[in-house]
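Engineer: So that we are looking at the same thing, I have put the structure below in structure tokens.
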Amino acid sequence: MQLNQSKAIISGGASGLGFATAKNIIEKGGKVVLLDINEEQGQKAVQELGSNALFVKTDISNESDVESAADKAADFMGGINLAVGCAGVLGAGLIHSKKGPMPADYFQNVVNINLVGSFLLTRAASRHMQNNEPVDGERGVIIHTASIAAYEGQIGQTAYSATKSAIVGMVLPLAREFARINVRVMAIAPGVFETPMMEKITPEICEQIAAGIPNPSRFGKPSEFALTVEQVVENQYLNGSTIRLDAAARLQ
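To convert, take the position in the sequence shown, counting from 1, and add 257; that gives our numbering.
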């Protein structure tokens, strides 16, 4: 499948990696529907993207929200053949800190958004994809966002790393299951990227982090993530695995 044939739903599409992905798809001639909890940012995003984009306010952890959003997306685009999961929260925190034990509902919220949300997006998108007419032998592509924290989680990343590891773990069984409907499933594990998640970090700490990234020694650009999505979409032999996109960085 070529990117200009894309009818894509993108969770977390109003900003960061999701918006960069949407922008690349629109520029290549595809259509997108942005699923995001931030209505103001979502409306602003579709104004920039133009008439081939739609925003649907969606709580990615809410089952009925995601199913309804997928139906609206399919109506708008005439189907769905690409889903990119970019919605996520860091959920940073120690299990035991000066503030006391981490509340279970805090941990559960990270799981609900990062992991359950990925499952719900997969289920809703594949429900539509299975009815597509095959294009070059395939009916759709699903791409999730993991993280290098799935492999080298740091102190304070217990909840985040757990959910990202789970995303890595579910890609292969999903790809094997969806082989019967000709839908591929992949994940991308970004390193440190220029996203809204990083805006709270001071410039000094940003410089220290960048210095520890081997080559190139800088944060990743959202456009580089979007390019990787494009390459996954267009390369049919990419299936059932996770691509590290991290400039050889390893978290310490």
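Here a beta-carbon is modelled for each residue, glycine too, at the ideal position from N, C-alpha and C.
Tell me, please, which residues DSSP counts as bridged to P479.
Structural biologist: Here residue 479 refers to the residue found at position 222 of the sequence shown. Answer by DSSP bridge pairing: none, since P479 is not bridged.
Engineer: Would you mind stating whether T402 and L274 have Cβ atoms separated by less than 8 angstroms?
Structural biologist: Along the sequence shown, one-based indexing puts residue 402 at 145. Along the sequence shown, one-based indexing puts residue 274 at 17. Yes; because the gap between Cβ atoms is below 8 angstroms, this pair is in contact.
Engineer: Would you mind reading off the limits of the alpha helix (DSSP H) that contains M334?
Structural biologist: Mapped onto the sequence shown, residue 334 falls at position 77. Its alpha helix (DSSP H) spans residues E320 to M334.
Engineer: Taking 8 angstroms as the cut-off, decide whether the C-beta atoms of A416 and V367 are in contact.
Structural biologist: In the sequence shown, the residue the question calls residue 416 occupies position 159. In the sequence shown, the residue the question calls residue 367 occupies position 110. For A416 and V367, yes; Cβs fall inside 8 angstroms.
Engineer: Measure the beta-carbon distance from K264 to N319 and round it to whole angstroms, keeping in mind my assumption that it falls under 8 angstroms.
Structural biologist: Taking the first residue of the sequence shown as position 1, residue 264 is located at position 7. Taking the first residue of the sequence shown as position 1, residue 319 is located at position 62. 23 angstroms between Cβ atoms; not a contact.
Engineer: Which residue from N295, Q365, G345 and P360 puts its Cα closest to that of T315?
Structural biologist: Here residue 315 refers to the residue found at position 58 when the sequence shown is read from its first residue. Considering only alpha carbons, the answer is N295.
Engineer: From V428 to S498, what distance separates their C-alpha atoms?
Structural biologist: Mapped onto the sequence shown, residue 428 falls at position 171. Mapped onto the sequence shown, residue 498 falls at position 241. Those two C-alpha atoms are separated by around 6 angstroms.
Engineer: Assuming A506 contacts V442 (C-beta within less than 8 angstroms), just tell me the rounded distance between them.
Structural biologist: By one-based count along the sequence shown, residue 506 stands at place 249. By one-based count along the sequence shown, residue 442 stands at place 185. The pair is not a contact, with the Cβ atoms about 25 angstroms apart (cut-off 8 angstroms).
Engineer: Can you give me the Cβ contacts of Q387 inside the same chain, cut-off strictly under 6 angstroms, excluding the 5 residues immediately before and after it?
Structural biologist: Locating residue 387 in the sequence shown gives position 130, where the first residue counts as 1. Within the same chain, Q387 has close Cβ partners I438.
Engineer: Would you call H353 buried or exposed, if buried means 16 or more other Cβ atoms sit within 10 Å of its Cβ?
Structural biologist: Taking the first residue of the sequence shown as 1, we reach residue 353 at position 96. The residue in question, H353, is exposed, as its Cβ has fewer than 16 Cβ neighbours within 10 Å.
Engineer: Name the residue from M359, I405 and L508 whose alpha carbon lies nearest to the alpha carbon of A468.
Structural biologist: Sequence index remark: in the sequence shown, residue 468 carries index 211 (1-based). The option with the nearest alpha carbon to A468 is L508.
Engineer: Given 8 angstroms as the limit, is there contact between the region 475 to 484 and the region 276 to 286, that is, 3 or more CB pairs closer than that?
Structural biologist: Touching, yes.
Engineer: Give every residue of the same chain whose Cβ lies closer than 7 angstroms to the Cβ of T452, excluding the five residues on either side of it in the sequence, and list them in chain order.
Structural biologist: Within the sequence shown, residue 452 is the residue found at index 195, counting from 1. Same-chain partners within the cutoff: G273, L274 and P479.
Engineer: Between V523 and E395, what straight-line distance do the alpha-carbon atoms span, to the nearest angstrom?
Structural biologist: Here the chain covers residues 258 to 509 and nothing more, so residue 523 does not appear.
Engineer: Going by beta-carbon coordinates alone, are A406 and Q414 separated by less than 8 angstroms?
Structural biologist: Stepping through the sequence shown from its first residue, residue 406 is reached at position 149. Stepping through the sequence shown from its first residue, residue 414 is reached at position 157. Yes.
Engineer: Leaving out the 5 sequence neighbours to the left and right, which residues in its chain are closer than 8 angstroms to Q300 when beta-carbon positions are compared?
Structural biologist: Within the sequence shown, residue 300 is the residue found at index 43, counting from 1. Hits under 8 angstroms: F312.
Engineer: With distances taken from CA atoms, which of T459, L377 and S321 is nearest I267?
Structural biologist: Numbered from 1 along the sequence shown, position 10 holds the residue referred to as residue 267. Comparing Cα-Cα distances from I267 to each of T459, L377 and S321, the minimum goes to L377.
Engineer: Ordered along the chain, which non-local residues of its own chain (more than five positions away) have a Cβ less than 7 angstroms from that of I370?
Structural biologist: Taking the sequence shown and counting its residues from 1, one reaches residue 370 at position 113. Here the set comprises I317, S318, A344, G345 and V346.
Engineer: For a test of the three-state rule: what should DSSP assign to A416, helix, strand or coil?
Structural biologist: Here residue 416 corresponds to residue number 159 of the sequence shown, with the count starting at 1. Helix, per DSSP.
Engineer: Any idea what DSSP makes of P391, helix, strand or coil?
Structural biologist: Residue mapping note: residue 391 aligns to position 134 of the sequence shown, counting from 1. Coil at P391, not helix or strand.
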